[in-house]
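Worksheet: the structure to be examined is printed underneath.
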Amino acid sequence: MAKYILSRVVEVLIALFGLVTIIFLVSRMLGDPVSLLLPQGASAADLQAMREQLGLQRPLLDQYLGFLRHVLSGDLGTSFFYQRPALQVVLERMPATLALTALSALFGLAIGCLAGLAAALYRNSVWEFLVLTLAMLGQATPAFWLAIMLILLFSVHLGWLPTGGTGSVLHLVMPTAVMSIFIAANIARLFRSSLLEVMGEDYVRTAWAKGLPPRTVISWHMARNAVLPVVTMSGLLVGEMLGGSVVVETIFSWPGVGRLIVEAVANRDFPLIQAGVAVVSGLFLLVSLAVDLLYSLLDPRVRQSP
1 MAKYILSRVV EVLIALFGLV TIIFLVSRML GDPVSLLLPQ GASAADLQAM REQLGLQRPL
61 LDQYLGFLRH VLSGDLGTSF FYQRPALQVV LERMPATLAL TALSALFGLA IGCLAGLAAA
121 LYRNSVWEFL VLTLAMLGQA TPAFWLAIML ILLFSVHLGW LPTGGTGSVL HLVMPTAVMS
181 IFIAANIARL FRSSLLEVMG EDYVRTAWAK GLPPRTVISW HMARNAVLPV VTMSGLLVGE
241 MLGGSVVVET IFSWPGVGRL IVEAVANRDF PLIQAGVAVV SGLFLLVSLA VDLLYSLLDP
301 RVRQSP
């Protein structure tokens, strides 16, 4: 088990190094931020002085090595726009993103598992057809289109929910719905397929033959073994939600890290872009590591494999 954990931690560290490198290179492709930081009509001398102050006049390799040193020390630079430590600005927005992601994952997993269970137990029925149809629609519908439709229906026409922002539980309803639908659709189809596969196993048929109560057979013998693929998929989906929150947070004006990154790109705020993407990507890798470790605990064959 220790060897398996060590190997996964090393893989995560290598991925983090590659991620930091990509973040640095991509942020430098956005153009010169100095023109946005100084007023229009600034002299060439002022522009050059600002570049020197920000260290942008140095060779790219020197900037990269300096960036790595600061990352290792926990310093991701000072935001050009906010004039504060970029990591501090990102961490202030992180609770909003985590709250939205956690609620969406909770509802998505619950709805997806229940729908998948119903589709598997009532195979070749209207329930299975309904679940599979809605799941395919949920997977195929773009998040931005669904968000706009919900705003038009529940905010513009019915006036039941606010269009965006924060301040009450009602502000969470539509963003959570948009993100929950995606994860519920994926989990429903996967859990159904996994249950159908498990239902054909000998130990399940033996449990039915022994006359065990249906609740015991379904929960202990079927769902318990069919949930393993769901654990893996859940980690990937939560990671996608952390990245996909950019669209949802922007549309609903939710003050999370996703919206902050969009604003930083518009302002060419290199340190803030780097800090935001690094934190979100780091969380994704940590979630993946946690899911792998949980899977190894649930299925000993994983940690025993070479």
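The C-terminal position of the sequence shown is numbered 306 in full-length UniProt numbering, with every residue numbered one higher than the one before it. Note that the Cβ used here is the ideal one computed from N, Cα and C, for glycine as well. Here the structure is a predicted model, which means the values were calculated and not measured.
Nonlocal neighbours in the same chain, by C-beta distance under 6 Å from residue i, ignoring five residues either side
i, result
"residue 115", "131, 188"
"residue 243", "none"
"residue 82", "89"
"residue 275", "76, 86, 87, 90"
"residue 279", "90"
Identity of the residues DSSP links to residue i by a beta bridge
i, result
"residue 85", "78"
Beta-carbon proximity list for residue i, same chain, < 8 Å, skipping 5 on both sides
i, result
"residue 21", "64"
"residue 289", "8, 9, 12"
"residue 217", "204, 207, 208"
"residue 169", "none"
"residue 94", "256, 257, 279"
Presumed contact (8 Å Cβ cut-off) between residue i and residue j, rounded CB distance
i, j, result
"residue 221", "residue 209", "About 12 Å; that fails the 8 Å criterion."
"residue 234", "residue 291", "7 Å"
"residue 56", "residue 117", "Not confirmed; about 56 Å, so no contact."
"residue 174", "residue 151", "7 Å"
"residue 108", "residue 193", "Not confirmed; about 17 Å, so no contact."
"residue 61", "residue 70", "Between residue 70 and residue 61 the Cβ distance is about 15 Å, and since that is not below 8 Å, they are no contact."
"residue 127", "residue 119", "6 Å"
"residue 230", "residue 101", "So it is not a contact: roughly 17 Å between Cβ atoms."
"residue 277", "residue 261", "7 Å"
Which of helix, strand or coil DSSP assigns to residue i
i, result
"residue 281", "helix"
"residue 162", "coil"
"residue 211", "coil"
"residue 190", "helix"
"residue 201", "coil"
"residue 167", "coil"
"residue 267", "helix"
"residue 132", "helix"
"residue 295", "helix"
"residue 276", "helix"
"residue 256", "coil"
"residue 232", "helix"
"residue 227", "coil"
"residue 288", "helix"
"residue 57", "coil"
Sequence-distant residues of the same chain with beta carbon closer than 7 Å to residue i, five excluded per side
i, result
"residue 143", "178, 182, 244, 247, 248"
"residue 79", "86, 89, 269, 271, 272"
"residue 198", "204, 222, 225, 226"
Are the segment 80 to 94 and the segment 159 to 169 in contact at 8 Å, needing three or more beta carbon pairs? They do not touch, by the three-pair rule.
When the Cβ atoms of the segment 184 to 203 are set against those of the segment 105 to 119, are three or more pairs found closer than 8 Å? yes
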